[in-house]
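Visitor: I'd like to ask some things about the structure below.
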Amino acid sequence: MHIAKDLVAASATPLVLGILAEEESYGYAILKEISDRSGGRLEWTEGLLYPLLHRLERLGHVESSWRTPEGGRRRKYYAITEEGLRELAEQRKQWAAVTDALQDVWKATRALAPVAPPALEA
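By the UniProt record's numbering, the letter at position 46 of the sequence shown is numbered 46, and the numbering carries on one by one without gaps.
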């Protein structure tokens, strides 16, 4: 299933903040977590994630530090801040309102028969 760019972009901030609210992490691990949690339906690239992390850092929602794990290579770890937790709470409220509205609309349209695609001519 292809997920539209607009929906990916809209969900990016709450997804990243939510992951970082659980524990601090680094870029590749965040990308893997998003893929795992979406069952592979969300396959982000570094080109999406790193500009988002930098923006969240500028806004004060995350902070970063460089670390070298034992036997590993140097990585930039990101952690959510108190301001980031407040933003995540706000994002959750907004997404709850959106999903409630969508579910209400979908309940009303469940009774409608799906529209069949036009037949292909031979």
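Glycine is no exception: its CB is placed at the ideal position from the N, C-alpha and C atoms.
(1) Going along the chain, which residues of its own chain have a beta-carbon closer than 7 Å to the beta-carbon of Gly18, five neighbours each way excluded?
(2) What residues in its chain sit with their C-beta under 7 Å from that of Leu49, if we drop five residues either side in the sequence?
(3) Quick one: what's got a C-beta closer than 8 Å to Asp6's C-beta in the same chain, skipping five residues either side?
(4) Here's the rule: buried if 16 or more other CB atoms are within 10 angstroms of the residue's CB, otherwise exposed. What is His61?
(5) Please name the residue or residues paired with Ala79 in a DSSP beta bridge.
(6) Taking the alpha helix (DSSP H) that Thr13 belongs to, which residues open and close that run?
Guide: By the coordinates alone:
(1) Counting only Cβ-Cβ distances below 7 Å, and skipping sequence neighbours, we find Leu88.
(2) Gly27, Ile30, Leu31
(3) none
(4) buried
(5) Its beta-bridge partners are Glu63.
(6) 5-22
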